[in-house]
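If you want our numbering, it's the 1-based position in the sequence shown plus 22.
We put the CB at the ideal spot given by N, CA and C, even for glycine.
This one's a predicted model, so the numbers in the text were calculated from it and none came from an experiment.
Read through the structure below, which is laid out as structure tokens, and then see the notes.
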Amino acid sequence: MHRKPIAAAFSGLLALTVALPVLAADIDAFKGLSGKLDIAGGTAHIPVVQDIARQVSKANPAIRISVTGGGSGVGVQKVGEGLVDIGSTGRKVSAEEIARYQLKPFHFALDGVAVAVHPSNPVKDISLAQLRDVFSGKMTNWKALGGADAPIHLYGRDEASATREVFVGKVLGKDIAPAAKTTLVSSNGAAKSAIARDKGAIGYLGMGMLDQSIKPLSVDGHAPTQQNALSGDYPIVRGLYFNTKGEPAALPGAFLRYLKTNEGQAIIRSHGYIPAF
Numbered sequence: 023m024h025r026k027p028i029a030a031a032f033s034g035l036l037a038l039t040v041a042l043p044v045l046a047a048d049i050d051a052f053k054g055l056s057g058k059l060d061i062a063g064g065t066a067h068i069p070v071v072q073d074i075a076r077q078v079s080k081a082n083p084a085i086r087i088s089v090t091g092g093g094s095g096v097g098v099q100k101v102g103e104g105l106v107d108i109g110s111t112g113r114k115v116s117a118e119e120i121a122r123y124q125l126k127p128f129h130f131a132l133d134g135v136a137v138a139v140h141p142s143n144p145v146k147d148i149s150l151a152q153l154r155d156v157f158s159g160k161m162t163n164w165k166a167l168g169g170a171d172a173p174i175h176l177y178g179r180d181e182a183s184a185t186r187e188v189f190v191g192k193v194l195g196k197d198i199a200p201a202a203k204t205t206l207v208s209s210n211g212a213a214k215s216a217i218a219r220d221k222g223a224i225g226y227l228g229m230g231m232l233d234q235s236i237k238p239l240s241v242d243g244h245a246p247t248q249q250n251a252l253s254g255d256y257p258i259v260r261g262l263y264f265n266t267k268g269e270p271a272a273l274p275g276a277f278l279r280y281l282k283t284n285e286g287q288a289i290i291r292s293h294g295y296i297p298a299f
């Protein structure tokens with residue numbers, strides 16, 4: 023299979039992030055509605071929601087959409103307790119969570135969890151076995167990976183994060199604990215910022231968050247691209263979900279329907295994700 027170089031893949035993604043036109047037929051999902059739609063949870067969803075909010079506000083100023091992070095666990099709790107209209111998660115909610123909160127999950131996209139380093143790092147590829155050694159604390163020097171003779175600085179997410187859950191599940195499994203000397207950050211954006219300013223850093227974040235400020239690593243020879251995530255070649259992949267408490271009300275329902283439109287899917291793709299429809 024032919025694969026684009028990473029730089030070319032990034033330039034394609036960046037080109038897609040230009041302002042998108044409001045398509046009347048698509049934005050009609052919100053016609054006649056008004057009020058506030060509150061969304062909270064997984065941070066990977068934030069750029070998608072922000073773009074939709076901008077599109078909706080242009081077409082219907084009577085609607086206001088707000089979004090906050092906190093991680094997937096926060097999304098489940100807040101929507102389950104009625105504190106927000108939609109809880110976003112970077113994983114499928116469990117049967118226990120569905121039963122406890124009467125949640126209705128909506129799978130809207132597929133995302134890869136990328137591994138990234140500082141742009142100056144010469145390492146380009148890492149195997150799953152090496153990742154396991156690095157994030158378990160067994161491998162502690164970049165020299166072992168073909169890099170400089172310098173310590174590896176680990177960055178991870180806290181336990182409320184679905185990005186962490188997917189990464190740990192795919193890389194470390196159930197029987198290996200993450201290294202104690204891991205700096206925990208609160209969001210995908212915080213992970214990107216930390217890696218961008220630390221030459222010894224390695225961390226993980228949602229694939230849609232990648233930009234030129236950090237350098238992604240191929241895993242077992244496969245770059246973290248949409249194409250490789252969809253084909254299954256890239257091994258660290260997860261689903262992205264929006265969840266409502268029971269059947270969605272009018273405004274949350276319109277939001278979920280809009281995601282399925284051509285305009286909604288274009289916004290999803292513009293942030294490096296693959297629409298699930």
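Contact between Leu132 and Gly261 holds: their C-beta atoms lie close to 6 Å from each other, under 8 Å. At a Cβ-Cβ threshold of 8 Å, Gly102 and Arg122 count as neighbours. For the options Ile68, Lys100 and Ala272, the alpha carbon positioned closest to that of Val89 is the one of Ile68. Its Cα nearest to that of Val78, the residue Phe277 stands out among Ile290, Phe299, Phe277 and Ser292. The beta carbon of Val145 sits closer than 8 Å to those of Val139, Trp164, Leu167, Gly168, Gly169 and Leu239, all from its chain and outside the five residues before and after it, given in chain order. Annotation: the continuous beta strand (DSSP E) that includes Ser110 extends over Ile108 to Thr111. The C-alpha of Glu269 is placed about 29 Å away from the C-alpha of Asn210. Under the DSSP assignment, Ala81 falls outside any beta strand (DSSP E), being part of the alpha helix (DSSP H) whose first and last residues are Ile68 to Ala81.
In the DSSP assignment, Asp133 falls within the beta strand (DSSP E) that extends over Leu125 to Val139.
Under the three-pair Cβ rule at 8 Å, the segment 175-182 counts as touching the segment 210-227. Per DSSP, the continuous beta strand (DSSP E) segment holding Tyr226 begins and ends at Ala223 to Gly228. Tyr263 sits close to His129, with the two beta carbons spaced by under 8 Å. For Ala62, the enclosing beta strand (DSSP E) starts and ends at Gly57 to Gly63. Scanning the segment 142-193 for uninterrupted alpha helix (DSSP H) segments of 4 residues or longer gives 150-157 and 184-189, listed from N- to C-terminal end. Residue state for Ser240 is assigned as strand, using DSSP reduced to three classes. Under the DSSP assignment, Val259 falls in the beta strand (DSSP E) whose first and last residues are Val259 to Lys267.
Judged by DSSP in its simplified three-state form, Ile49 adopts helix. Assigned with DSSP and collapsed to three states, Pro270 falls in coil, not helix or strand. In this structure Ala117 is exposed. Its beta-carbon is surrounded by fewer than 16 other beta-carbon atoms within 10 angstroms.
For the pair Val188 and Val241, the CB atoms are not nearer than the 8 Å cut-off.
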